[in-house]
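One line per chain: the protein sequences are A and B, in this order.
Offset between the first sequence (1-based) and the numbering used here: plus 22.
Offset between the second sequence (1-based) and the numbering used here: plus 22.
Inspection log for the structure reproduced underneath, given as structure tokens.
2 protein chains.
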Amino acid sequence: MTREPLLLTPGPTLVPETVREALGRPMVHHRTPEFQAVLKEVGQDLKQLFGTREEALILTSSGTGAMEAAVTGLLSPGEKALVIRGGKFGERWAEICQAYGIQVVPLDVPWGEPLDLGQLTALLKAHADVRAVLTTLCETSTGVLFPIREIREAIGKAGPLLVVDAISGLGADELQMDAWGVDAVVCGSQKGLMLPPGLAFAALSPRAWEAVARSKTSGYYFSLKRARKAWEKTDTPFTPAISLIVGLREALKTILAEGVAESCRRHQADAAYTRQQVKKLGWTLFVDGPHASSAVTSIRVPEGVDGKGVLKRLRARGIFLAGGQGELTGKIFRIASMGAVTRAHIDTALTALAEELKTASEAVRHG
Amino acid sequence: MTREPLLLTPGPTLVPETVREALGRPMVHHRTPEFQAVLKEVGQDLKQLFGTREEALILTSSGTGAMEAAVTGLLSPGEKALVIRGGKFGERWAEICQAYGIQVVPLDVPWGEPLDLGQLTALLKAHADVRAVLTTLCETSTGVLFPIREIREAIGKAGPLLVVDAISGLGADELQMDAWGVDAVVCGSQKGLMLPPGLAFAALSPRAWEAVARSKTSGYYFSLKRARKAWEKTDTPFTPAISLIVGLREALKTILAEGVAESCRRHQADAAYTRQQVKKLGWTLFVDGPHASSAVTSIRVPEGVDGKGVLKRLRARGIFLAGGQGELTGKIFRIASMGAVTRAHIDTALTALAEELKTASEAVRHG
Numbered sequence: 023m024t025r026e027p028l029l030l031t032p033g034p035t036l037v038p039e040t041v042r043e044a045l046g047r048p049m050v051h052h053r054t055p056e057f058q059a060v061l062k063e064v065g066q067d068l069k070q071l072f073g074t075r076e077e078a079l080i081l082t083s084s085g086t087g088a089m090e091a092a093v094t095g096l097l098s099p100g101e102k103a104l105v106i107r108g109g110k111f112g113e114r115w116a117e118i119c120q121a122y123g124i125q126v127v128p129l130d131v132p133w134g135e136p137l138d139l140g141q142l143t144a145l146l147k148a149h150a151d152v153r154a155v156l157t158t159l160c161e162t163s164t165g166v167l168f169p170i171r172e173i174r175e176a177i178g179k180a181g182p183l184l185v186v187d188a189i190s191g192l193g194a195d196e197l198q199m200d201a202w203g204v205d206a207v208v209c210g211s212q213k214g215l216m217l218p219p220g221l222a223f224a225a226l227s228p229r230a231w232e233a234v235a236r237s238k239t240s241g242y243y244f245s246l247k248r249a250r251k252a253w254e255k256t257d258t259p260f261t262p263a264i265s266l267i268v269g270l271r272e273a274l275k276t277i278l279a280e281g282v283a284e285s286c287r288r289h290q291a292d293a294a295y296t297r298q299q300v301k302k303l304g305w306t307l308f309v310d311g312p313h314a315s316s317a318v319t320s321i322r323v324p325e326g327v328d329g330k331g332v333l334k335r336l337r338a339r340g341i342f343l344a345g346g347q348g349e350l351t352g353k354i355f356r357i358a359s360m361g362a363v364t365r366a367h368i369d370t371a372l373t374a375l376a377e378e379l380k381t382a383s384e385a386v387r388h389g
Numbered sequence: 023m024t025r026e027p028l029l030l031t032p033g034p035t036l037v038p039e040t041v042r043e044a045l046g047r048p049m050v051h052h053r054t055p056e057f058q059a060v061l062k063e064v065g066q067d068l069k070q071l072f073g074t075r076e077e078a079l080i081l082t083s084s085g086t087g088a089m090e091a092a093v094t095g096l097l098s099p100g101e102k103a104l105v106i107r108g109g110k111f112g113e114r115w116a117e118i119c120q121a122y123g124i125q126v127v128p129l130d131v132p133w134g135e136p137l138d139l140g141q142l143t144a145l146l147k148a149h150a151d152v153r154a155v156l157t158t159l160c161e162t163s164t165g166v167l168f169p170i171r172e173i174r175e176a177i178g179k180a181g182p183l184l185v186v187d188a189i190s191g192l193g194a195d196e197l198q199m200d201a202w203g204v205d206a207v208v209c210g211s212q213k214g215l216m217l218p219p220g221l222a223f224a225a226l227s228p229r230a231w232e233a234v235a236r237s238k239t240s241g242y243y244f245s246l247k248r249a250r251k252a253w254e255k256t257d258t259p260f261t262p263a264i265s266l267i268v269g270l271r272e273a274l275k276t277i278l279a280e281g282v283a284e285s286c287r288r289h290q291a292d293a294a295y296t297r298q299q300v301k302k303l304g305w306t307l308f309v310d311g312p313h314a315s316s317a318v319t320s321i322r323v324p325e326g327v328d329g330k331g332v333l334k335r336l337r338a339r340g341i342f343l344a345g346g347q348g349e350l351t352g353k354i355f356r357i358a359s360m361g362a363v364t365r366a367h368i369d370t371a372l373t374a375l376a377e378e379l380k381t382a383s384e385a386v387r388h389g
């Protein structure tokens with residue numbers, strides 16, 4: 023393929039040319055004053071992105087690694103975590119807990135539906151010994167945005183720790199860690215941050231750091247204690263993904279030049295525009311209304327249409343959308359608006375999708 | 023700095039331009055037939071590099087992640103592992119075991135010295151319940167090469183599993199996984215593979231896979247079971263570091279065009295040349311003889327010389343060597359010959375080191 027692939031998948035997303043140039047620079051050593059300057063700069067910028075005064079630690083892994091670091095850092099075997107499961111990534115929180123012997127109190131939200139805050143309050147009342155509530159900002163598998171501020175209010179300030187997977191949401195859906203009283207936020211590089219995958223991030227509140235000091239869970243590579251100790255000396259415990267961090271500096275520069283709040287407003291407008299166009303085209307949104315994420319939009323695959331085939335034909339045209347995962351396999355299309363995606367990209371994708379759906383529908387009618 | 027840094031550190035190493043170009047290409051999605059073709063190709067090439075018929079799995083992490091995957095995959099809490107500790111990375115094996123409640127039977131080799139095989143045999147006799155022997159191919163912190171084939175012979179074919187950290191050695195020091203009867207080999211991307219850090223690899227023997235089926239250790243991200251299951255469908259369990267895998271394809275092409283055996287022979291000759299030049303220059307090698315690695319050469323810092331200061335001045339000239347770690351801090355210089363390093367690079371580094379040592383020695387004499 024000669025043309026750049028139009029990547030409107032909810033991760034990985036388009037990587038801007040300034041970032042790509044940085045990724046291909048000659049290698050530098052990580053234990054040098056020059057690289058420490060980069061770490062300091064990205065550290066400051068990440069704080070702004072997370073909306074926190076605390077440090078945002080950098081891990082070399084996919085976003086799941088940061089989720090594991092949060093679970094193993096904050097909880098101990100036998101302790102209880104309430105997990106909001108409204109999609110594949112909510113389920114992932116539960117799987118990680120189970121892998122480490124942490125008891126899961128599930129709050130199952132039908133995929134695509136908004137969270138029932140009353141149900142959360144009732145569950146917390148029934149399980150007074152829950153140590154942490156694990157949730158997702160944008161549930162990438164469905165396109166649902168979970169109301170983090172409202173969840174904190176429902177939990178109460180002195181309640182369990184609030185841990186948020188903002189892997190795909192950060193930079194697109196608003197999240198103010200300190201102001202909203204979030205105790206742990208994890209993020210990945212290949213979504214709103216417009217980088218290739220390979221980096222993950224975790225920021226913790228002072229209350230969460232106290233929990234880390236108490237945790238008895240095993241773990242080595244994903245130890246937040248070890249990461250924090252190294253970070254205090256502007257270092258990482260293990261060799262970091264140097265080229266991605268050099269690229270991260272460029273990506274964060276771009277995001278902060280626009281401003282985090284402005285970036286979220288733009289994403290919100292772009293996602294609203296996408297939903298509006300989808301409705302104009304006569305398709306059905308899988309998620310609509312205030313619980314629709316600004317990072318990714320989900321559209322129902324029309325009855326009788328081979329969704330996978332449509333995605334394949336789009337791919338042959340250099341346009342990459344995602345299908346459904348888990349129980350939504352073959353049932354939805356997902357279009358990301360996060361990161362470097364513009365309205366022109368969205369228009370191109372929707373036009374192409376309309377053409378392919380027309381062909382597919384005709385095949386259904388004549389088939 | 024306008025000139026490319028001359029990176030002769032034992033990781034990260036120089037990244038060739040063909041690889042850097044691949045790293046900066048437009049992002050592609052990992053769950054596409056196009057990327058699966060890349061995974062298949064690098065999978066085949068990795069097998070050749072490891073000298074195995076088994077699959078070499080790809081993890082997104084530093085090399086330490088693959089070490090953790092091996093420990094948690096092969097052993098269960100309470101079981102015994104014999105750890106050959108002759109430097110910082112041997113110590114890391116022990117630390118990971120301890121983090122997961124695995125009993126460590128240490129075999130401490132003085133840093134820089136060769137392994138005493140008789141000591142290994144005696145320890146194994148005294149601890150008949152050892153389930154695995156964990157060792158290092160090239161102990162990067164000292165420059166010592168451990169005799170993997172002889173270790174296997176000492177253990178016996180039916181003996182404990184033999185697990186080798188070949189993170190810095192692979193591609194420079196010979197390692198034939200299948201022929202030598204090694205049960206698990208782990209590797210990292212930023213050493214002999216001439217890539218930025220961020221990828222790790224693990225290959226297991228059929229006997230090791232049986233152990234994985236039995237292991238009761240916790241873990242999620244570094245689960246070899248999960249990685250293998252995904253790999254069977256030409257996939258990874260979590261989003262992989264896509265750009266690094268695209269770069270990996272280029273790096274492996276280069277290595278296999280030369281041939282693994284030929285690459286090892288070249289590295290051996292280059293390391294021997296380095297040691298010869300070091301002696302000609304009147305300095306003392308920290309490791310010499312058959313237990314000197316072909317990946318990295320260690321030189322004693324002359325009496326009274328500020329080793330850190332010398333490295334700093336070399337750095338200002340764009341030449342990056344490493345100092346000692348742990349108990350060797352300030353006591354040695356380390357020059358890597360692995361990956362894309364040429365004799366011309368080695369000559370440049372040694373000439374510059376000679377100049378800086380002359381200045382430093384004069385300062386000592388006149389100080």
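Just so you know, even glycine gets a beta-carbon here, dropped at the ideal spot from N, CA and C.
Since we're looking at a predicted model, the values are computed, not measured.
Item, Value
"Among B:R250, B:R335, B:Y243 and B:G269, which one has its Cα closest to the Cα of F260 of chain B?", "B:Y243"
"Using a beta-carbon distance below 8 Å, is L17 of chain A in contact with chain B?", "In this structure chain A extends from 23 to 389, so residue 17 of chain A is not present and cannot be described."
"Could you work out which residues of chain B lie near F342 of chain A, taking near to mean beta carbons separated by less than 7 Å?", "H51"
"If you follow the beta strand (DSSP E) that A180 of chain B is part of, which residue opens it and which one closes it?", "That residue, A180 of chain B, is in no beta strand (DSSP E); it is neither H nor E in DSSP."
"If you drop the 5 nearest sequence neighbours on each side, which residues of the same chain put their C-beta closer than 6 Å to that of T24 of chain A?", "With a pLDDT of 49 at T24 of chain A, under the threshold of 50, the predicted position of this residue should be treated as unreliable, though the coordinate-derived value follows. Closer than 6 Å at the Cβ level, and outside the excluded window around T24 of chain A, lies no residue."
"Beta-carbon within less than 7 Å of V37 of chain A's beta-carbon, same chain only, minus the 5 sequence neighbours each way: which residues are those?", "M216, L217 and P218"
"Where does the unbroken beta strand (DSSP E) through D130 of chain A begin, and where does it stop?", "Q125 to D130"
"Hey, is T86 of chain B's beta-carbon within less than 8 Å of any beta-carbon in chain A?", "yes"
"Taking the straight line between their C-alpha atoms, what separation do you get for T351 of chain B and L307 of chain B?", "16 Å"
"When Cβ atoms are compared, which residues of the stretch 26-42 of chain B fall closer than 8 Å to chain A?", "E26, P27, L29, T31, G33, P34, T35, L36, V37 and R42"
"Run through DSSP, which three-state label would I189 of chain B get?", "coil"
"Under 8 Å, CB to CB, which of the residues in the stretch 102-131 of chain A have a partner in chain B?", "E117, I118, A121, Y122 and G123"
"Rank B:V268, B:V207 and B:R75 by C-alpha distance to the C-alpha of G87 of chain B and give the top, closest one.", "B:V207"
"Can you give me the Cβ contacts of T40 of chain A inside the same chain, cut-off strictly under 6 Å, excluding the 5 residues immediately before and after it?", "E272"
"Please name the residues in the stretch 246-267 of chain A whose beta-carbon is closer than 7 Å to at least one beta-carbon of chain B, in chain order.", "F260, T261, P262, A263, I264, S265 and L266"
"Pull up the DSSP beta-bridge partners for I80 of chain A, would you.", "A:F223"
"I'd like the list of long-range same chain contacts for I177 of chain A, defined as Cβ closer than 7 Å, with 5 residues on each side in sequence excluded.", "L146, V155 and L184"
"Could you give the distance in angstroms between the alpha-carbon of R53 of chain B and the alpha-carbon of A44 of chain A?", "25 Å"
"If distances are taken between C-alpha atoms only, which option among B:G100, B:E113 and B:L79 comes closest to G348 of chain B?", "B:E113"
"Looking at the strands, I want to know which residues DSSP matches up with E161 of chain B.", "B:V166"
"Is there a C-beta anywhere in chain B that falls below 8 Å from the one on T24 of chain A?", "Because the pLDDT of T24 of chain A is 49, which lies under 50, any placement of that residue in the model is unreliable, and the number read from its coordinates should be weighed accordingly. No - not a single Cβ of chain B is within 8 Å of the one on T24 of chain A."
"Kindly confirm or deny that the stretch 191-201 of chain A and the stretch 357-373 of chain A touch, where touching means at least three C-beta pairs closer than 8 Å.", "yes"
"Can you tell which of A:K102, A:C119, A:G73 and A:L71 has its C-alpha closest to the C-alpha of A91 of chain A?", "A:C119"
"Could you list which residues in chain A have their beta carbon closer than 9 Å to that of T82 of chain B, in chain order?", "T82, S83, S84, G87, P219, G220 and A263"
"Are three or more beta carbon pairs between the stretch 294-307 of chain B and the stretch 243-257 of chain B nearer than 8 Å?", "no"
"Between the stretch 162-181 of chain B and the stretch 99-113 of chain B, are three or more C-beta pairs nearer than 8 Å?", "yes"
"Below 8 Å between beta carbons: does that hold for A59 of chain B and L68 of chain B?", "no"
"Provide the residue span of the beta strand (DSSP E) that contains G210 of chain B, from first to last.", "A206 to G210"
"Whose C-alpha, out of A:F72, A:L104, A:H313 and A:L343, is nearest the C-alpha of P34 of chain A?", "A:L343"
"One question on the structure: do V105 of chain A and A116 of chain A come within less than 8 Å of each other, judged by their Cβ atoms?", "yes"
"Select from the stretch 156-183 of chain B all residues with a C-beta closer than 8 Å to any C-beta belonging to chain A, and list them in chain order.", "none"
"V166 of chain A: which of A:W202, A:P48, A:E135 and A:L28 sits nearest, CA to CA?", "A:E135"
"Who are the Cβ neighbours of W394 of chain B in its own chain at under 7 Å, not counting the five residues just before and after it?", "Residue 394 of chain B is absent from the model: chain B starts at 23 and stops at 389."
"In three-state DSSP terms, what is D310 of chain B?", "coil"
"Is the distance from the Cβ of R42 of chain A to the Cβ of G73 of chain B below 8 Å?", "no"
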